[in-house]
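Let me begin by presenting the structure, written as structure tokens, before commenting on it.
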Amino acid sequence: MRIGIDLGGTKTEVIALGEQGEQLFRHRLPTPRDDYRQTIETIATLVEMAEKATGQTGTVGMGIPGSISPYTGVVKNANSTWLNGQPFDRDLSQRLNREVRLANDANCLAVSEAIDGAAAGAQTVFAVIIGTGCGAGVAFGGRSHIGGNGTAGEWGHNPLPWMDEDELKYRAEVPCYCGKQGCIETFISGTGFATDYRRLSGHPLKGQ
């Protein structure tokens, strides 16, 4: 059995697949924001739920916002900022008592679409995730391309091009959590949409 985890900014979801790729179990829990240890425990709970429901033990792979630095072995570039600087794969492997393989969630999407999704057969795939944040991944020939720093394709912290007058005003009013202004993610993401709606209407809106 193969167990997959999708760690998002608002929800964490597990799926268990059988030998032929059939779905055996699926469930989601809220992501515990700003709490690294509780994030690990939530993932462990989902794995335990999947194994209890199926009566099987599985291998574990997970898509995360951000990536594991090939130089330091810790998470970088995650909009779930409490993961940054943490040896996430090692801590999860220790908690679950097995190897846990991590990859950037947008890279996982790019490979999936290149193999048997909307871009099946395409030589080059650029896949975008718009969720709590805004990420992207690249696949060449059905294989993930992560680049020398493990962040190839990530565009959320590139500046939004061709800003109009209102967007320039928004840029000044809403700095990105990374410390810069005008990042694509501050505009094009669930969080960005909610912030812009509240700024213009005066009413709150959840970006979920």
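Each residue of the sequence shown is one higher than the one before, counting from 735 in our numbering. Every residue gets a Cβ at the ideal spot worked out from N, C-alpha and C, and that includes glycine.
DSSP places Cys910 outside both helix and strand once states are collapsed to three, so it counts as coil. If you check the CB distance, Leu817 and Ile777 do not come in under 8 Å. Residue environment analysis places Ala853 among the buried positions, since at least 16 neighbouring C-beta atoms fall within 10 angstroms of its C-beta.
Around the C-beta of Asn841, 16 or more other C-beta atoms lie within 10 Å, and the residue is accordingly described as buried. One Cα belongs to Met783, the other to Leu763, and the distance between them is close to 11 Å. Comparing C-alpha distances from Gly738 to each of Pro766, Tyr770, Arg771 and Thr791 shows the shortest one belongs to Thr791. Pairing Gly807 with Glu919, the inter-Cα distance amounts to about 25 Å. Every unbroken stretch of the alpha helix (DSSP H) spanning 4 or more residues and falling wholly within the region 744-830 is given here in chain order: 770-788 and 822-830. Separation of the CB atoms of Val859 and Ala848 is rounded to 4 Å, and the pair is thereby assigned contact status at 8 Å. Excluding sequence positions up to five before and after Trp896, its CB lies less than 7 Å from no other CB in the same chain.
In the three-state DSSP reduction, Gly924 falls in the helix class (H, G or I). Here His937 is exposed. Its C-beta has fewer than 16 other C-beta atoms within 10 Å. Annotated three-state conformation of Asp850 is helix, per DSSP.
Taking 8 Å as the cut-off, the Cβ atoms of Leu741 and Pro799 count as close. In the DSSP assignment, Ala861 falls within the beta strand (DSSP E) that extends over Thr858 to Ile864.
Closest by C-alpha distance to Gly916, out of Lys903, Arg832 and Gly924, is Lys903. With a beta-carbon spacing of about 6 Å, Thr744 and Thr765 fall inside the 8 Å limit used to define contacts. If you look at Cys868, you'll find it in the beta strand (DSSP E) that goes Cys868 to Phe874.
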